[in-house]
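Peer 1: In this note's numbering, the protein residues as written are 2 to 340.
Glycine residues also receive a C-beta, built at the ideal position from the N, C-alpha and C atoms.
All of these numbers come straight from a predicted model, not from anything done at the bench.
Structure representation (structure tokens):
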């Protein structure tokens, strides 16, 4: 008599799933867009009602009948939009969008290639390259120099980078795309990071740990306990960044998002190959463009808290420039509402 228990699968073990085809779902996209616009309507009406309440409390407008009727109209509109948003998020979203189970695709000794972006990062790039080269999980480090005016390329080569490539098209997004393209050659997993020492190479193992269940793992800088003092994630940029991320989360309900602009991420190469043709942004809002396009293809995306350090040298991106941050935030909002 054969022992059936010897061949029966362990119920506690996750089931290995084959790769799902990456494609858009029209119904899920439609539901997500309605989610976003209803929540945006609630936020807008809250703002209007707050302003009207201030006028009611501190001016004589409360004595005018037209003002009372206006106040009542917007209050009822707010109540209606809140009801519709709750119904949409917890009924339509729950029963209307296509559900799916968790995924488990093991990565057995994957070849991990890192693409480092750099622009005038001569001071930092050597240390960044050496940190990643010292990681046992990493097999290859590629540096993409965005046509620097200093000796960034030479410094990267001297530090032992496996390849140094010059990208002449200006822009953060152009440099990131080229870094992913170059690093993906011969890899199972591609990691994107900046060469300015804001991120720790040792955190790559955090990203890789979740790739068995997902297609794209994003770092998040939103965790206060993992941020150094005097980084660009200050008292204003950090909360505004998280607010915009929550709007994106409303659009792609079910995916937890807290950071719109973290470069550090890891991705399966099969997912990258499906995503690459959809990437077109060359500017500073590339990071959300990449994960928004991934989510539109129903890729599994997750965030992992990573350490965020003060950069070495001067910031060439947003940094602490509030005007530049506002422009990038506006570009990010347009991405969300057009998704």
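From residue 196 to residue 256, what distance separates their C-alpha atoms?
Peer 2: Cα-Cα distance, rounded: 28 Å.
Peer 1: Under the rule that 16 or more other beta-carbon atoms within 10 Å means buried, what is residue 244, buried or exposed?
Peer 2: Classification for residue 244: exposed.
Peer 1: Would you please state the rounded distance, in angstroms, between the beta carbons of residue 249 and residue 23? I believe it to be under 8 Å.
Peer 2: That pair is no contact at about 19 Å.
Peer 1: Nearest by alpha-carbon distance to residue 120: which of 277, 100, 267 and 194 is it?
Peer 2: That would be 194, whose Cα lies nearest to the Cα of residue 120.
Peer 1: Helix, strand or coil: how does DSSP classify residue 298 here?
Peer 2: Reduced to three states, the DSSP call for residue 298 is coil.
Peer 1: Secondary structure at residue 179, three-state DSSP: helix, strand or coil?
Peer 2: Helix.
Peer 1: In chain order, which alpha helix (DSSP H) runs of at least 4 residues are fully inside the stretch 199 to 238?
Peer 2: Counting only runs of 4 or more, we get 205 to 211.
Peer 1: Note down the Cα distance separating residue 105 from residue 151, rounded to an integer number of angstroms.
Peer 2: Computed Cα separation, rounded: 45 Å.
Peer 1: Just grab the DSSP bridge partners of residue 117 for me.
Peer 2: Beta-bridge pairing links residue 117 to 144 and 194.
Peer 1: State whether the stretch 65 to 76 contacts the stretch 129 to 140, with contact taken as three or more CB pairs (one from each stretch) at a distance under 8 Å.
Peer 2: Contact fails: fewer than three Cβ-Cβ distances are below 8 Å.
Peer 1: Out of 61, 100 and 108, point me to the one whose CA is closest to residue 216's CA.
Peer 2: Residue 216 has its Cα closest to that of 108, out of 61, 100 and 108.
Peer 1: Taking only runs that begin and end inside the stretch 264 to 340, name each unbroken alpha helix (DSSP H) of 4 or more residues, in chain order.
Peer 2: With a minimum length of 4 residues, the continuous alpha helix (DSSP H) runs that stay inside the stretch 264 to 340 are 270 to 276, 287 to 297 and 323 to 339.
Peer 1: Between residue 10 and the rest of its own chain, which residues show a CB-CB distance below 7 Å, the 5 nearest in sequence each way excluded?
Peer 2: Only weak support is given to the placement of residue 10: the predicted model assigns it a pLDDT of 36, under 50, and the question is left unresolved by the model.
Peer 1: What does residue 164 pair with, by DSSP beta-bridge criteria?
Peer 2: BP columns for residue 164 point to 143.
Peer 1: Pair every Cβ in the stretch 284 to 292 with every Cβ in the stretch 196 to 208, then say whether three or more of these pairs are closer than 8 Å.
Peer 2: Touching, no.
Peer 1: Can you give the Cα-Cα distance for residue 38 and residue 254, rounded to whole angstroms?
Peer 2: If I take the Cα positions, the gap works out to 13 Å.
Peer 1: How long is the line joining the alpha carbons of residue 58 and residue 87, rounded to whole angstroms?
Peer 2: When rounded, the distance between both Cα atoms is 30 Å.
Peer 1: In whole angstroms, give me the CA-to-CA distance for residue 90 and residue 36.
Peer 2: If you take the alpha carbons of residue 90 and residue 36, they lie about 6 Å apart.
Peer 1: Between the stretch 296 to 312 and the stretch 264 to 278, do three or more beta carbon pairs fall short of 8 Å?
Peer 2: In short, these stretches touch, since the Cβ pair count reaches three.
Peer 1: So what's residue 31 in DSSP terms, helix, strand or just coil?
Peer 2: Residue 31 falls in the helix class under three-state DSSP.
Peer 1: Cutting at 6 Å between CB atoms, please list the residues of its own chain near residue 174, excluding the five before and the five after it.
Peer 2: Result list for residue 174: 282, 283, 284 and 287, in chain order.
Peer 1: Using the beta-carbon count (16 or more within 10 Å), is residue 178 buried or exposed?
Peer 2: That one is buried.
Peer 1: Could you work out which residue in 191, 328, 223 and 294 is closest to residue 111 when comparing CA atoms only?
Peer 2: Closest option to residue 111, Cα to Cα, is 191.
Peer 1: Where does residue 241 sit, in a helix, a strand or coil, going by DSSP?
Peer 2: Three-state DSSP puts residue 241 in a helix.
Peer 1: Please classify residue 48 as buried or exposed, where buried requires at least 16 neighbouring CB atoms within 10 angstroms.
Peer 2: Result: exposed.
Peer 1: Under the assumption that residue 340 contacts residue 241 (Cβ atoms under 8 Å), give the Cβ distance between them as a whole number of angstroms.
Peer 2: No, residue 340 and residue 241 are not in contact; Cβ-Cβ is about 19 Å, not under 8 Å.
Peer 1: By Cβ distance, which residues of its chain are closer than 6 Å to residue 169, with the 5 residues on each side in sequence left out?
Peer 2: Same-chain partners within the cutoff: 148.
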